[in-house]
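>
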Amino acid sequence: MILVLISILLTPDGEAAELKKATLMPLWSTQAQFAGYYVALDKGIYARHGIDLTILKGGPSVSPSEHLQNGKADFAVLSLAAALQQNGAGNRLVNVAQIIQKSSMMLIARKTSGIRTPADFQGRKVGVWNGDLATNAFFTKYQVRVQQIPQSYTVNLFLRGGIDAVSAQWHNEYHTILNSGIKADELNIFFLDDHGIRFPEDGLYILERNYRKDPAFAASFAKASLEGWRYAFDHPDEALDIVIRTMKKEHLPANRLHQKWMLEKMRDQMKPRKNGGEMGQLSPSDYEAVGLALRTRGVITTVPGFEDFIGRHDAQQ
Amino acid sequence: MLSSRNIAYKLILIITVCSVTIFAVTIGYFYHSSRVTLERELEETARNLVLASVNRMETELSSIGKVGEGVVRSLETGNYPEKSLNTLLKGTLEGNTNIYGFGAAFEPDAPNTHTRPVNYFCRKNGQISFVPVNDLQFRTHDWYQIPKELGKKEWSEPYFDTDVEILMTSCSVPFYDGAGDNRRFRGIVVADVSLAWLKDIVASIKVLKTGYCFLISRNGTMLTHPDKEMVMNETVFSIAESRNNPELYEIGRKMVRGESGFTPYIGARGVKSWMYYAPVSSTGWTLAVVFPEAELYAEVRALTIRVACMGCAGILLLALAVALIARSITTPLHELAEATEEIASGNFDAELPPVRSQDEVGKLSQAFISMNKALKEYIRNLTETTAAKERIQSELKVATDIQLSLLPRIFPPFPDRPEFDIFASMDPAKEVGGDFYDFFFIDDTNLCFLIADVADKGVPAALYMMVAKTLLKSEGQRLGEPERILSCVNNILAADNDRCMFATVFCAILDTGSGVVRYANAGHNPPLIMESQGIRYLTLKSGFVMGPVTDTVYEAERLTMQPGDTLFLYTDGVTEAKNSEDLLYGESQLLYDLQQGPRENLADMIHHIRDRVALHANGAPQSDDVTMVAITYRGSGSG
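Line by line, the protein sequences are chains A and B.
Counting from 55, one number per residue, gives the positions in the first sequence under this note's numbering.
Counting from 4, one number per residue, gives the positions in the second sequence under this note's numbering.
As structure tokens, then:
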């Protein structure tokens, strides 16, 4: 606490005395996928950057992009594809940091299903999340027609044998399946990223109009968030304590082993693709690729300029 | 002392080791079989306990399932506009207090008469209220999607309802219209159920003191557990992984497959336990009871320890008894040994311990007493015998002295007679011998000399020799001719010779003036004549031995000795001296040794032969008297 106070006092811009209020809407319920933000909040990192942050409660019944639009959230965690779709719909957003650098999406089939190659998906029942463009891009790439079953936020239908394959995020559902007593060697897995479907996921977004009001504030938020992530990776046990404490407060099932797995995979997925690259940067080539894929599918008609999208254009002004 | 301690020590050691071994095996077997029995009983108890609880759950759950199925039958067979549907749903919920919420959800594209996709009622604050749902998100929810895809009644994974803060599960039953190929999925009838009662059922299962129950879902998620932190947070697999317990992982796999079993189980903090688990088949959950092993075996262990203590005390007592018995055996033995030692040192009057018992030790004491008496008697006899023998020995010594004193032993015997030299010796084989020699003057010129060997040795021979010698001397001096001497003495001896004793005698008379020797032989060995030409055995008539037969005739023979000639007389003790290999000294050896030996001094000559004979015998005991006589004629004018 004393440390936090000292760090506040030592903040160079001298705004320590008057913190600016802000809210963050995570993409989903509290879990280690968002550990960096909870850690940054808990360790006073946001406060040190002059932000009095409130992390809103995410989950299946709330939409982060809606919260951004109606002003209930200043910042939100969105996938790049979702953000581009929002942009296309006229709700201009700015990416202040790209957290997950690659696609964590994967398809999982039991070995007994006989699905060994992408071509084997032909005609099979596959669970796909509503609006999941990446998985659809995978099927398009391999020209397979699958019987898509709208997927819920559990993998129970797959576990009960209701579908042949299930969509999963590496840091989440894959481990949930393992945690349900299915061994890794009983599964065939397909990482979309390995198949060239490189849709970077979690990024931190702000409405463009809000961004323009105070670009430095948004930059501070991004900086503090990344600092939170670095702290979480350096102190994984403490980070897990913070996340699990929050989950319990919200009556969410909290499995430490699962959260540990998630944090480890987050660390892996946040690594920049290029050696020496900086954490939190959106890769222009990935941006172009996703933009192209969305345009091809007719989801959006135009792709905003990269510099505009990451707000650098304004920052330079 | 040591040996007596050894017996007791060995006895205690062997008996204690044997009884400890027997006892250890017995108690080990007892403990093991008790455990086996206990485990069997435990399995039985556990199975009954679990199955009874499972039955209670099944009853509860299946009644809920039947409610849903009943409504489904109504919906499939009848036409229910929204109003009558709601009446049905509400009425059903009212009639089943164990259901929290009840509703019907319809497939949006299915042709139906309802305006709303979902009609749902639930209990709120004791009232049943209608909860309208208008969006279509429910289609991707497990309670709707899973039974739809699987085409059968399904119980959802329990979930924590944040609104009412209780664990809930949903029983969903799909319903259809049409039949055969036209059969189409229309929707789901769902009953939401609070699982609060589950906790009560599971908590009511009491297992020993620290045993417990837990219930897991089809995904392995903990639904109830004494550790609240685990509930809905952990799965049996995540517990297995975080405890690094692969056995638990495999047990978990069996559980979610719907198997039942009784298995050893390592609980939290490594507590060894037993677990029985069985499926709740309608929901696919598994109920498990855990029995901590230490508590389970506590009674058997305590009993075993008590028995072990008793056994140890018994063995200690046994060792004590053995020590006492060993002492009762070894103490008299020890006393006996001490007394015996004293006896061995010569004190035959040492007191032996009294016979206290009639056992082996008593018999041994008795035998020692008898032995001591016998020994004493024997020693007394031996002392007497030895005294008698010593007396005889000393008498024999006297006899030997007397016998020797009878033979002329002073050399030269006639120092005033230079015509001849004479030397003789006799070594008896026993204290008194049967050999003898003699020489004496018959008149002024005639010297009679003789050598004799009485058959047999010892006292009888010596007595016979005395008689023979006395007779020979007296008759020799009376008669003066050798053949007459021998005949006369033979007749006297033969007259009263009941024992048939006999002697060989060579008797000769030397005329010191002329050197003529007249001699007669009664079966004696031929003497040797040593002349200037050499040495030879005298050829003579052998004659019959003297003593056994009267009127034996002996013939006289003559020999003229030149000055310097020597006559050597001997008994068979010389030629028949044996060595250890029974080889005789022999006549040829005697001849040879005389040739090689000294000739001038007769004493030297005889001593030389005596040495040669002793050398031949080489330590073998002398079996016969050894007697030699040598006489050298020096001539009448030489002195």
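The C-beta atom is built at its ideal place from N, Cα and C for all residues, glycine as well.
Since the model is a prediction, treat every value here as computed from it, not as a measurement.
Judging by CA-CA distance, which residue of B:P485, B:G314, B:D628, B:N528 is the nearest neighbour of B:N449?
Against the second sequence, residue 449 of chain B aligns to sequence position 446. Taking only the C-alpha atoms, the option nearest B:N449 is B:P485.
> Hey, quick one: how far does the alpha helix (DSSP H) through B:E560 stretch, first residue to last?
Residue numbering aside, residue 560 of chain B sits at position 557 when the second sequence is read from its first letter. Taken as a continuous stretch (DSSP letters only), B:E560 belongs to no alpha helix (DSSP H), being part of the beta strand (DSSP E) at 560-563.
> Considering A:A191, what are the terminal residues of the alpha helix (DSSP H) in which it resides?
Numbered from its first residue, the first sequence carries residue 191 of chain A at position 137. Per DSSP, A:A191 belongs to the alpha helix (DSSP H) from 187-195.
> Output the distance between the C-alpha atoms of B:M60 and B:I204, rounded to the nearest integer angstrom.
Reading the second sequence from its first residue, position 57 is the one you call residue 60 of chain B. Reading the second sequence from its first residue, position 201 is the one you call residue 204 of chain B. Cα-Cα distance, rounded: 8 Å.
> Applying a beta-carbon distance threshold of less than 7 Å, which residues of chain A neighbour B:G255?
Position 252 of the second sequence, counted from the start, is the residue given in the question as residue 255 of chain B. Correct list: G235.
> Please confirm whether B:R304 has its beta-carbon closer than 8 Å to some beta-carbon of chain A.
Along the second sequence, read from residue 1 onward, the residue named residue 304 of chain B stands at position 301. With 8 Å as the cut-off, B:R304 does not count as an interface residue toward chain A.
> Work out the CA separation of B:G461 and B:D499 for me, nearest whole Å.
Here residue 499 of chain B refers to the residue found at position 496 when the second sequence is read from its first residue. Here residue 461 of chain B refers to the residue found at position 458 when the second sequence is read from its first residue. Each residue's Cα considered, the two are about 20 Å apart.
> Just to confirm, is the Cβ distance from A:G181 to A:F212 under 8 Å?
By 1-based counting over the first sequence, the position of residue 181 of chain A is 127. By 1-based counting over the first sequence, the position of residue 212 of chain A is 158. Contact flag set, yes.
> Can you give the beta carbon distance from B:R502 to B:A559, rounded, assuming they're within the 8 Å contact cut?
Working through the second sequence from its first residue, we reach residue 502 of chain B at position 499. Working through the second sequence from its first residue, we reach residue 559 of chain B at position 556. Not confirmed; about 29 Å, so no contact.
> Is there a Cβ from chain A that is less than 8 Å from the Cβ of B:E237?
For the purposes of this step, residue 237 of chain B is taken as residue 234 along the second sequence, with counting starting at 1. Answer yes: the Cβ-Cβ gap between B:E237 and chain A drops below 8 Å somewhere.
> Looking at the unbroken alpha helix (DSSP H) that takes in B:C491, where does it start and where does it end?
For this step, residue 491 of chain B is matched to residue 488 along the second sequence. Start and end: 485-498.
> Could you confirm whether any beta carbon from chain A is found closer than 8 Å to the beta carbon of B:N222?
Here residue 222 of chain B corresponds to residue number 219 of the second sequence, with the count starting at 1. Output row for B:N222: interface = yes.
> Give a yes or no on whether the C-beta atoms belonging to B:S545 and B:N524 are separated by under 8 Å.
One-based indexing of the second sequence puts residue 545 of chain B at position 542. One-based indexing of the second sequence puts residue 524 of chain B at position 521. Result yes, Cβ atoms of B:S545 and B:N524 sit closer than 8 Å.
> Assuming A:A76 contacts A:S279 under a Cβ cut-off of 8 Å, what Cβ separation, rounded to an integer in Å, is found between them?
Looking up residue 76 of chain A in the first sequence gives position 22. Looking up residue 279 of chain A in the first sequence gives position 225. About 11 Å separates the two Cβ atoms, so there is no contact after all.
> Relative to the C-alpha of A:K74, which candidate in A:S339, A:R310, A:A272, A:A347 has its C-alpha closest?
If you number the first sequence from 1, residue 74 of chain A lands on position 20. Nearest of A:S339, A:R310, A:A272, A:A347 to A:K74, Cα basis: A:A272.
> Rounded to whole angstroms, what's the CA-CA distance from B:F124 to B:T238? Just pull it up for me.
Walking along the second sequence from the start, residue 124 of chain B turns up at place 121. Walking along the second sequence from the start, residue 238 of chain B turns up at place 235. Taking the straight line from one Cα to the other gives about 32 Å.
> Per DSSP, which residues does B:K13 bridge with? Please list them.
Taking the first residue of the second sequence as 1, we reach residue 13 of chain B at position 10. Answer is none; B:K13 lacks a bridge partner.
> May I have a chain-ordered list of the beta strand (DSSP E) segments no shorter than 3 residues that lie completely inside the segment 520-557 of chain B?
List check, beta strand (DSSP E) in window: 531-533, 538-540.
> Can you tell me which of the three DSSP states B:F351 falls into?
Mapped onto the second sequence, residue 351 of chain B falls at position 348. The answer is coil: DSSP assigns B:F351 none of H, G, I, E or B.
> DSSP three-state label for B:Q480, please.
Looking up residue 480 of chain B in the second sequence gives position 477. In the structure shown, B:Q480 sits in a helix (DSSP, three-state: H, G or I).
> Using DSSP with H/G/I as helix, E/B as strand and the rest coil, what is A:T350?
As a first step, residue 350 of chain A is located in the first sequence; it is residue number 296 there, counting from the start. Looking at A:T350 - three-state DSSP - the assignment turns out to be helix.
> Using the three-state DSSP reduction, which class does B:F124 fall into: helix, strand or coil?
Numbered from its first residue, the second sequence carries residue 124 of chain B at position 121. If DSSP states are grouped into helix, strand and coil, B:F124 belongs with the strands.
> Give the interface partners of B:F265 over in chain A, defined as CB-CB distance under 7 Å, in chain order.
Position 262 of the second sequence, counted from the start, is the residue given in the question as residue 265 of chain B. The premise fails here: B:F265 is roughly 20 Å from chain A at the closest Cβ pair, so nothing lies under 7 Å.
> Distance cutoff 8 Å, beta carbons only. Does A:G216 sit that close to anything in chain B?
Within the first sequence, numbered from 1, the residue matching residue 216 of chain A stands at position 162. Output row for A:G216: interface = yes.
> Look at the Cβ atom of B:L339, then the Cβ atom of B:L327, and state whether they are nearer than 8 Å.
Looking up residue 339 of chain B in the second sequence gives position 336. Looking up residue 327 of chain B in the second sequence gives position 324. No; because the gap between Cβ atoms is not below 8 Å, this pair is not in contact.
> Any C-beta of chain B within less than 9 Å: which residues of the segment 145-163 of chain A qualify?
Those would be none; no residue qualifies.
> If the cut is a Cβ gap below 8 Å, which residues of chain B does A:L241 touch?
On the first sequence, residue 241 of chain A is found 187 positions in, with the first residue counted as 1. Per Cβ cutoff of 8 Å: no residues; A:L241 is ~14 Å from chain B at best.
> On the criterion of 16 or more Cβ atoms from any shown chain inside 10 Å, does B:K472 qualify as buried, or is it exposed?
Counted from its first residue, the second sequence places residue 472 of chain B at position 469. Per the 10 Å Cβ criterion, buried.
> Report yes or no: is there a C-beta of chain B within less than 8 Å of the C-beta of A:I203?
The residue labelled residue 203 of chain A in the question sits at position 149 within the first sequence. Yes, its Cβ sits closer than 8 Å to a Cβ of chain B.
> First and last residue of the beta strand (DSSP E) that includes B:W288?
By one-based count along the second sequence, residue 288 of chain B stands at place 285. Counting along the chain, the beta strand (DSSP E) containing B:W288 begins and ends at 288-295.
> Using 8 Å for Cβ pairs, my map puts B:Y440 next to B:T630. What's the rounded Cβ distance?
Position 437 of the second sequence, counted from the start, is the residue given in the question as residue 440 of chain B. Position 627 of the second sequence, counted from the start, is the residue given in the question as residue 630 of chain B. Yes, B:Y440 and B:T630 are in contact; Cβ-Cβ is about 6 Å, under 8 Å.
> Classify B:L410 as helix, strand or coil using the three-state DSSP reduction.
If you number the second sequence from 1, residue 410 of chain B lands on position 407. If DSSP states are grouped into helix, strand and coil, B:L410 belongs with coil.
> Given that B:I169 touches chain A, what residues does it touch there, using C-beta distances under 7 Å?
Taking the first residue of the second sequence as 1, we reach residue 169 of chain B at position 166. None at all; the shortest Cβ gap to chain A is about 11 Å.
> Between B:M533 and B:T569, which are expected to be in contact by the criterion C-beta below 8 Å, what is the C-beta distance as a whole number of angstroms?
Here residue 533 of chain B refers to the residue found at position 530 of the second sequence. Here residue 569 of chain B refers to the residue found at position 566 of the second sequence. Contact holds; Cβ gap of about 4 Å.
> If you run the structure through DSSP and keep just helix, strand and coil, what is A:L78?
Taking the first residue of the first sequence as position 1, residue 78 of chain A is located at position 24. Three-state result, A:L78: strand.
> Per DSSP, what are the beta-bridge partners of A:G257 in this structure?
What you label residue 257 of chain A is simply residue 203 of the first sequence in a count that begins at 1. Its beta-bridge partners are A:L132, A:Q152.
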